[in-house]
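Only one structure is covered here, and it is reproduced in the block below.
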Amino acid sequence: MGRADTISFRLAISALLRDFRQGGPAAIAKVRKYQPAAYMKICALMIPKEMKVEHSDGIKAMTDEQLDEALDALRELCGEACRRGGERN
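With the first letter of the sequence shown counted as 1, position 35 gets the number 57 in the numbering used here; the numbers rise by one all the way through.
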């Protein structure tokens, strides 16, 4: 993936995340309840067919923006766990 592709991908993911935060959980629950086949198809599409894993400098190589995004994602996950009473799915 080239730099422009990576930037476009990140912008698309950011837009989806903003949209998801506004109404995604309720929409997903509705699809799961009323269209379980579509829900399962979406779940299957979310799983990568193959994944390349490479070692990198990790946190040291991350920009401030990437660190902020990672922290936001962790805070969201921690918040969800707290709302569920610490349960894991």
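Each residue gets a CB set at the ideal place from its N, CA and C atoms; glycine is no exception.
Since the structure is predicted, the reported quantities are computational estimates derived from the model, not experimental observations.
Nearest-angstrom Cα distance between residue i and residue j?
i	j	result
phenylalanine 31	leucine 89	17 angstroms
lysine 74	proline 58	31 angstroms
alanine 92	isoleucine 69	20 angstroms
alanine 14	alanine 66	In the structure as shown, the chain starts at 23 and stops at 111, and residue 14 therefore has no counterpart that could be examined.
alanine 51	cysteine 100	21 angstroms
alanine 34	alanine 49	19 angstroms
aspartate 41	aspartate 79	31 angstroms
arginine 43	glutamate 98	10 angstroms
threonine 28	alanine 60	28 angstroms
Excluding sequence positions up to five away, which residues of its chain have a Cβ less than 8 angstroms from the Cβ of residue i?
i	result
leucine 39	none
aspartate 94	none
isoleucine 81	Leu89
Within its chain, find whatever has a CB closer than 7 angstroms to the CB of residue i; leave out the 5 residues flanking it on each side and keep chain order.
i	result
serine 36	none
May I ask you to report which of helix, strand or coil DSSP gives residue i?
i	result
aspartate 79	coil
threonine 28	helix
glutamine 88	helix
Apart from the five residues just before and just after residue i, which ones in its own chain have a Cβ nearer than 6 angstroms to its Cβ?
i	result
histidine 77	none
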